[in-house]
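Following: one structure in structure tokens, then a few remarks.
Protein chains: 2
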Amino acid sequence: MTDAPVRQASLREHNLGLVLRQAAIWVTASGRRVVGPRHDDQSFEADAARPPSRADIAAATSLTRATVSALVDDLIAGGLLTEVEPAPRAGAGRPAAGLVLSASGPAGLGLEINVDYLSACVVDLAGTVRHREVRHADQRPGRPDQVLAEVAGLAADARTHAERERLTLAGAALAVPGLVTPTGLVRLAPNLGWRDVDVPAGLAALDGLPVTVDNEANLAALGELHAGPVGPASFLYVSGEIGIGAGIVLHGTLFRGARGWSGELGHVAVRPDGPACRCGARGCLEQYAGQEAILRAASADGTTDLLARASAHDSVALTALATAGEALGVAAAGVVNLLDVEAVVLGGIYAPLAPWLRPAVTAEIQQRVLTASWSPVDVRPSVLGADAAVMGAAGSVVRTVRDHPARWLTRTVA
Amino acid sequence: MTDAPVRQASLREHNLGLVLRQAAIWVTASGRRVVGPRHDDQSFEADAARPPSRADIAAATSLTRATVSALVDDLIAGGLLTEVEPAPRAGAGRPAAGLVLSASGPAGLGLEINVDYLSACVVDLAGTVRHREVRHADQRPGRPDQVLAEVAGLAADARTHAERERLTLAGAALAVPGLVTPTGLVRLAPNLGWRDVDVPAGLAALDGLPVTVDNEANLAALGELHAGPVGPASFLYVSGEIGIGAGIVLHGTLFRGARGWSGELGHVAVRPDGPACRCGARGCLEQYAGQEAILRAASADGTTDLLARASAHDSVALTALATAGEALGVAAAGVVNLLDVEAVVLGGIYAPLAPWLRPAVTAEIQQRVLTASWSPVDVRPSVLGADAAVMGAAGSVVRTVRDHPARWLTRTVA
């Protein structure tokens with residue numbers, strides 16, 4: 000029982016968040032994605048539901064109109080809210096101006112290092128993707144400092160682009176396919192060949208911009224949790240890349256494990272005496288369903304080629320995908336047996352391959368999960384597709400601003 | 000932000016809990032088990048640390064001495080606390096009386112149905128086991144109502160014994176090796192052959208005594224969490240019986256899954272095309288490391304026989320245990336890769352077999368867990384041994400009384 004008095008400052012912080020949340024709720028309620036590639040910034044007026052007015056917000060929050068107006072003024076001045084003219088309505092009285100999340104205020108920079116590409120994106124407060132860049136290239140030959148220098152280049156491009164659009168980057172989040180400590184040290188990224196790489200030190204070139212580093216599957220799972228239609232509260236997000244990672248969302252919260260190393264689905268054994276894995280063990284899921292294993296089995300020279308062949312009913316490609324789906328299903332069924340999650344979300348390259356992977360994954364779950372007959376498990380492609388990690392990264396920055404608007408207002412004043 | 004006033008009644012409830020907790024903390028601080036078989040009720044005075052006095056409790060809780068005294072009086076009258084005479088100390092002033100959890104107040108009744116035995120135990124408020132009964136017999140031939148009638152008989156014996164010791168049963172908890180709904184419906188217990196059995200209805204004979212029903216591995220994991228030395232906050236409790244269950248404790252809380260069906264480790268695939276399992280799938284862990292699989296491979300006619308043979312270095316028994324340990328290790332390594340738990344606790348028959356299982360389990364974790372080299376995983380036998388589930392069940396009743404003493408006091412007054 001704490002009996003600390005509610006200070007005026009924290010009350011104001013709380014109420015700023017409350018007011019901003021009303022505008023954010025409208026973004027979701029109107030069917031828009033909070034963070035998603037198909038979110039179209041030009042369509043505010045086209046939506047059936049109108050954005051909330053000051054009066055709507057007062058009614059929804061039980062704050063006085065005077066308090067709401069003062070807070071809204073501060074949020075507008077700080078670039079977090081924008082007032083939009085109401086659409087004229089026949090026969091009604093003069094409609095009030097609507098409040099929407101600003102399209103020219105703070106924005107989040109998402110960055111991603113993966114084995115065969117680097118990417119960046121800028122997402123504004125309303126969840127609209129305002130900039131996107133991907134550089135395809137095998138990152139394994141490069142030293143970590145070279146890779147980080149290229150990431151810094153992507154970040155600089157993104158910042159230039161953001162400033163041209165009158166956006167201010169509030170921070171950056173970097174997704175890495177490996178085990179990351181809370182301070183941003185990459186302990187191990189087996190498929191990149193990285194060990195104990197101090198990422199924030201290598202990204203000092205982003206001068207001044209706060210950077211957080213996280214596992215790519217964790218960021219992708221967070222992106223998925225906050226994107227699109229309100230999904231299940233507990234799901235396994237599987238990130239299929241050259242490595243396979245997983246983000247575990249339990250009761251609406253990302254589960255990171257006792258020491259932050261959860262989600263290493265790629266190294267769960269499918270056949271304990273199977274082929275040797277880069278990690279030192281045998282028969283890991285990655286050896287059956289990792290990108291390189293699938294491409295090799297399908298004799299395809301890339302995922303585009305694989306998709307084309309599968310679409311053309313090429314039997315070698317179909318067999319390779321069925322085998323990968325079966326292995327993925329065995330591992331996913333184990334997770335469902337253990338954690339009783341409601342859904343398995345296929346992300347990374349698995350998202351476009353879902354039409355071919357899903358039947359086998361579903362069949363294995365149906366056969367192997369004790370409760371499957373009365374507690375069905377939804378197997379579905381990621382809403383954000385291959386961009387989930389970099390979108391989730393940018394979204395995590397945006398959510399921090401939205402959850403703590405007072406911090407942002409103080410920062411811009413300072 | 001709720002601004003509900005703290006009512007006097009709830010404040011009293013809160014403070015009663017606070018005071019009782021001081022006596023409970025002493026039980027733990029003095030090296031006693033909260034719920035454990037080796038907790039010796041006769042040794043209070045022998046402990047080096049003395050139990051807390053009213054003054055100690057006032058100091059620890061910041062409540063006034065007058066408030067503490069009134070609450071202590073209520074807790075003594077309600078049979079929750081007992082005043083003990085202080086040990087005479089040379090040279091000191093007259094020492095104050097100590098307060099200990101009552102050994103003649105409310106108690107918890109633990110019940111367990113397993114495939115080859117039924118058991119019951121009574122645990123008092125201080126965690127001392129006051130009664131214990133096990134009936135070994137294969138439960139598979141019996142109908143659920145026959146099994147439940149026998150459980151009711153065990154419960155009646157336990158109640159008679161408890162009353163003779165001036166204990167009042169506060170409630171009962173029943174451990175079942177299957178999937179249980181919050182209302183006590185056993186949806187499926189594959190090794191018992193039960194499906195949709197309404198346990199509370201079948202136990203109506205326990206007239207008046209509130210009964211909760213839970214999965215045996217969950218109750219065992221809770222027992223383990225609260226027993227003995229303060230262990231890791233995140234662990235996998237593996238219950239080896241004819242079936243294999245698991246209780247997953249994450250950050251000090253039992254994780255039940257989205258719909259309550261977590262922990263089905265026995266049906267995680269070790270070899271996807273392995274032998275057929277009772278559940279309908281193939282290659283489940285139970286087929287390699289379940290009690291019947293081990294005994295068959297060891298040509299042993301029971302766990303006592305198996306233990307004797309293993310102790311005598313019988314090579315068939317040792318090979319059988321190494322094979323089981325390897326399968327268990329493959330499955331456990333998968334869990335650690337996914338959930339990053341700090342420990343794997345071997346329970347049920349695995350507890351006495353731990354000397355032979357542990358090397359293989361540890362080796363598989365060492366080889367297969369990506370983070371094992373810098374985040375070691377402790378593999379250890381259950382502190383409570385084969386009794387963990389029934390002890391955990393009784394302990395869950397006791398903890399409810401300890402956490403909500405006001406409810407108990409109201410109940411005894413009524």
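The listed protein sequences correspond, in order, to chains A and B.
For the first sequence, numbering that gives the first Met the number 0 puts the final residue at 413, and the numbers step up evenly by one.
For the second sequence, numbering that gives the first Met the number 0 puts the final residue at 413, and the numbers step up evenly by one.
Idealized CB from N, CA, C, for every residue including glycine.
A quick note: this is a predicted structure, and the numbers were derived from the prediction, not measured.
Where the beta strand (DSSP E) through residue i begins and ends
| i | result |
| --- | --- |
| residue 213(B) | 210-214 |
| residue 253(A) | 252-254 |
| residue 128(B) | 128-135 |
| residue 153(B) | Taken as a continuous stretch (DSSP letters only), residue 153(B) belongs to no beta strand (DSSP E), being part of the alpha helix (DSSP H) at 143-163. |
Candidates the options, of which the one nearest residue i by Cα
| i | options | result |
| --- | --- | --- |
| residue 130(A) | 164(A), 63(A), 115(A) and 140(A) | 164(A) |
| residue 289(B) | 206(B), 326(B) and 314(B) | 326(B) |
| residue 136(B) | 234(B), 150(B) and 313(B) | 150(B) |
| residue 181(A) | 255(A), 115(A), 226(A) and 246(A) | 255(A) |
| residue 175(A) | 226(A), 158(A) and 218(A) | 218(A) |
| residue 169(A) | 245(A), 348(A) and 205(A) | 205(A) |
| residue 373(B) | 341(B), 380(B) and 160(B) | 341(B) |
| residue 396(A) | 138(A), 225(A) and 70(A) | 225(A) |
| residue 179(B) | 189(B), 212(B), 157(B) and 52(B) | 212(B) |
| residue 167(B) | 79(B), 296(B), 139(B) and 58(B) | 79(B) |
| residue 284(A) | 191(A), 305(A) and 331(A) | 331(A) |
| residue 399(A) | 245(A), 247(A) and 221(A) | 221(A) |
| residue 158(A) | 375(A), 191(A), 177(A) and 123(A) | 123(A) |
| residue 50(A) | 339(A), 24(A), 119(A) and 352(A) | 24(A) |
| residue 249(B) | 310(B), 260(B) and 234(B) | 234(B) |
| residue 319(A) | 297(A), 192(A) and 305(A) | 297(A) |
| residue 294(A) | 270(A), 312(A), 139(A) and 316(A) | 316(A) |
| residue 483(A) | 107(A), 127(A) and 121(A) | Chain A is shown only over 0 to 413; residue 483(A) falls outside these bounds and no answer can be derived. |
| residue 125(B) | 408(B), 410(B), 409(B) and 394(B) | 394(B) |
| residue 257(A) | 390(B), 376(B), 355(B) and 67(B) | 376(B) |
| residue 115(B) | 348(B), 18(B), 273(B) and 308(B) | 348(B) |
| residue 244(A) | 253(A), 231(A), 215(A) and 259(A) | 215(A) |
First through last residue of the alpha helix (DSSP H) which encompasses residue i
| i | result |
| --- | --- |
| residue 105(B) | Not the alpha helix (DSSP H): residue 105(B) falls in the beta strand (DSSP E), residues 105-113. |
| residue 67(A) | 64-76 |
| residue 257(B) | Note, residue 257(B): premise wrong, no alpha helix (DSSP H); not H, not E. |
| residue 226(A) | Taken as a continuous stretch (DSSP letters only), residue 226(A) belongs to no alpha helix (DSSP H), as it is neither H nor E. |
| residue 55(A) | 53-60 |
Per DSSP, the bridge partner or partners of residue i
| i | result |
| --- | --- |
| residue 80(B) | 100(B) |
| residue 246(B) | 236(B) |
| residue 117(A) | 112(A) and 134(A) |
| residue 282(A) | DSSP output for residue 282(A) lists no bridge partner at all. |
| residue 414(B) | Nothing can be reported for residue 414(B), as the shown portion of chain B is limited to 0 through 413. |
| residue 170(A) | 107(A) |
| residue 22(B) | None, per the DSSP bridge assignment. |
| residue 220(B) | Looking at the DSSP assignment, residue 220(B) forms no beta bridge with any residue, so it has no partner. |
| residue 275(B) | 281(B) |
| residue 268(B) | 283(B) |
Taking one C-beta from the segment 107-115 of chain B and one from the segment 376-395 of chain B each time, how about it: are there three or more such pairs within less than 8 Å? yes
Cβ pair count under 8 Å reaching 3, the segment 330-342 of chain B against the segment 290-301 of chain B: no
Ignoring anything shorter than 3 residues or poking outside the segment 355-405 of chain A, list the beta strand (DSSP E) runs there in chain order. 377-380
Would you call the segment 230-239 of chain B and the segment 192-200 of chain B touching, i.e. three or more CB-CB distances under 8 Å? no
Restricting to runs no shorter than 4 residues, where is the alpha helix (DSSP H) found entirely within the segment 175-201 of chain A? 198-201
Which whole runs of the alpha helix (DSSP H) in the segment 290-363 of chain B are 4 residues long or more, in chain order? 290-297, 302-310 and 314-338
Would you call the segment 359-373 of chain B in contact with the segment 278-285 of chain A, where contact means no fewer than 3 C-beta pairs closer than 8 Å? yes
Any 3 or more C-beta pairs closer than 8 Å across the segment 150-160 of chain B and the segment 96-105 of chain B: no
Three or more C-beta pairs closer than 8 Å, one from the segment 263-270 of chain A and one from the segment 341-359 of chain B: is that the case here? no
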